[in-house]
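Inspection log for the structure reproduced underneath, given as structure tokens.
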Amino acid sequence: MNPAGVVTRNHGPDWTFAFLSWAERQCPSWVFRPALMIGTWIALARLPVERLQSRAYLAVVLGRRPRPIDQWRHFFAFAEFLILLVRTSRGAAVRCKLEPENAAAFETLVQSGRPALFGSFHFGSSDLLGYVLGDRGRRVSMLRRKLDNSDDTRLLGKRFGEHVSFLWVNDPANALFKLKEALDAGASLALKCDRFEFSSRVEPFQFLGARRLFPFTIYHLAVLFNRPVVFCVAVPGADAEELRVFSSAVFTPDSALDRASNLRAARIHFQAVMTQLDTLVRRHPMLWFNFVPLNPEAPAPSPEVPSYAAPAGFAT
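Each residue of the sequence shown is one higher than the one before, counting from 0 in numbering that gives the first Met the number 0.
Pasting the structure below:
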């Protein structure tokens with residue numbers, strides 16, 4: 000990361016994705032998996048910043064001082080996710096099993112073709128969901144920060160490129176204009192809502208035992224452009240090609256209400272999203288793939304200040 004706390008490179012050396020793709024093709028599984036386990040110990044030793052953030056997060060979610068094996072499991076879960084990205088970028092099928100809670104409303108929205116805002120988090124296999132939406136015929140623009148070593152984005156974008164495009168938001172000054180262009184053109188947006196890279200609007204929500212600051216821009220966009228919002232996350236399913244997808248309820252701005260009333264309803268919706276995410280993170284603690292500082296705790300609530308500017312040290 001750079002000093003401002005913004006991720007500018009993927010974790011690890013530039014050749015990681017290409018090497019994993021080559022090794023996974025060339026080596027039998029009985030050789031490749033043990034090698035991946037050993038490689039994870041090496042990564043754990045060679046990535047001190049990520050190791051520190053992993054330890055801090057695991058201490059919160061586990062409620063105790065994490066052991067080295069806990070951190071290895073955290074890193075290894077991410078390594079397994081990289082292998083899923085490798086296989087998918089080469090054309091492997093991804094099957095999504097939508098969990099029944101909120102499934103009907105989610106399917107209705109997806110099949111309607113109405114432009115929407117699809118939110119997610121750096122959790123589990125959620126990175127693939129924007130591509131899967133494109134595979135189902137949805138025209139989706141994915142908000143991403145262009146990184147210096149992002150072979151996964153390049154190769155996955157090539158595979159799903161017919162319906163999936165990217166909005167590079169490295170320059171925050173132009174981000175809103177790009178968002179408006181995409182929304183005006185009838186595209187849906189897919190964006191992550193756990194880091195502060197794309198957001199100058201953050202608000203406190205209960206998560207992992209504290210009121211923590213999270214980006215809230217997705218709801219401001221929803222109200223401004225009259226777009227529904229739905230959140231989805233995914234965890235590994237019964238086999239390597241299956242994802243279990245958890246959807247939130249759908250939030251739809253009410254045109255009969257004013258902006259303040261819609262945002263109050265949006266806060267209730269997002270807290271329900273965070274409660275669902277909290278449950279899943281506690282159930283699958285090794286799948287929280289944010290090797291950056293955990294979302295900071297909010298200052299004491301003040302009725303005069305309904306929302307917060309992004310905290311110092313984070314990009315807006």
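Don't be surprised by glycine CBs; every beta carbon is placed ideally from N, CA and C.
Only a predicted model underlies this, so the values are computations on that prediction, with no experimental measurement involved.
Exercise. Can you tell me whether DSSP reads L108 as helix, strand or coil?
Worked result: Against the sequence shown, residue 108 aligns to sequence position 109. DSSP places L108 in helix when its eight states are reduced to three.
For this session: Would you mind listing the beta strand (DSSP E) stretches within the region 183–223 that are 3+ residues and don't spill past its ends, in chain order?
Result: 187–191, 201–206, 209–214
For this session: Could you tell me which residues DSSP pairs with V93 in its beta bridges?
Result: In the sequence shown, counting from the first residue as 1, residue 93 sits at position 94. Paired residue(s): none; V93 is not in a bridge.
For this session: Can you grab the Cα-Cα spacing for the pair E241 / P235, in whole Å?
Result: On the sequence shown, position 242 is the one that residue 241 refers to. On the sequence shown, position 236 is the one that residue 235 refers to. Straight-line Cα distance between these residues: approximately 6 Å.
Exercise. Per DSSP, F165 forms a beta bridge with which residues?
Worked result: Working through the sequence shown from its first residue, we reach residue 165 at position 166. BP columns for F165 point to M141.
For this session: Could you check what DSSP says for L242 in three-state terms: helix, strand or coil?
Result: In the sequence shown, counting from the first residue as 1, residue 242 sits at position 243. Strand at L242.
For this session: Starting from the C-beta of W40, find all residues in its chain whose C-beta is less than 7 Å away, skip the five residues before and the five after it, and write them out in chain order.
Result: Here residue 40 corresponds to residue number 41 of the sequence shown, with the count starting at 1. The residues are W71.
For this session: Have a look at R54, S125, D193 and flag the residue whose alpha-carbon is nearest the alpha-carbon of I217.
Result: For the purposes of this step, residue 217 is identified with residue 218 of the sequence shown, where counting begins at 1. Ranking the options by Cα distance to I217, first place goes to D193.
For this session: Quick one: grab the DSSP three-state call for P235.
Result: Here residue 235 is taken as the residue at index 236 of the sequence shown, counted from 1. Three-state result, P235: strand.
Problem set entry | Pick from D69, T274, L220, G133 that is closest to A174, judged by C-alpha positions | Working through the sequence shown from its first residue, we reach residue 174 at position 175. Checking every option, the nearest Cα to that of A174 belongs to L220.
For this session: Report the partner residues of W287 according to the DSSP bridge assignment.
Result: In the sequence shown, the residue the question calls residue 287 occupies position 288. Under DSSP, W287 takes part in a beta bridge, and its partners are F122.
Problem set entry | Close beta carbons around E161, own chain, < 8 Å, minus the five adjacent residues each side | By one-based count along the sequence shown, residue 161 stands at place 162. Once the five neighbours on either side are set aside, the close Cβ partners of E161 are G133.
Exercise. By Cβ distance below 7 Å, which residues in the same chain neighbour N261 in space, the five residues on each side in sequence not counted?
Worked result: On the sequence shown, position 262 is the one that residue 261 refers to. For N261, where only same-chain residues beyond five positions count, the Cβ hits under 7 Å are V222, P252, D253.
For this session: Quick one: residues in its chain with C-beta nearer than 6 Å to the C-beta of S125, no 5 flanking neighbours on either side, listed in chain order?
Result: As a first step, residue 125 must be located in the sequence shown, where it is residue number 126. Excluding positions up to five away in sequence, the list reads S119, V232, A233.
For this session: For V229, write down the residues that DSSP places opposite it in a beta bridge.
Result: Translated into positions along the sequence shown, residue 229 becomes position 230. As computed with DSSP, V229 is found in a beta bridge with F117.
Exercise. If we count Cβ pairs, one from each stretch, closer than 8 Å, do we get three or more for the region 275–287 versus the region 59–69?
Worked result: The region 275–287 is in contact with the region 59–69.
Problem set entry | Outcome for M36 when other beta-carbon atoms lying within 10 angstroms are tallied against a minimum of 16 | On the sequence shown, position 37 is the one that residue 36 refers to. With fewer than 16 Cβ atoms within 10 Å of its Cβ, M36 is classed as exposed.
Problem set entry | Span separating the alpha-carbon of S28 from that of A22 | As a first step, residue 28 must be located in the sequence shown, where it is residue number 29. As a first step, residue 22 must be located in the sequence shown, where it is residue number 23. Looking at the two C-alpha atoms, the distance is approximately 10 Å.
For this session: Could you check if K191 is buried or exposed, using at least 16 other CB atoms within 10 Å of its CB as the buried criterion?
Result: Position 192 of the sequence shown, counted from the first residue, corresponds to residue 191. Under this definition K191 is a buried residue.
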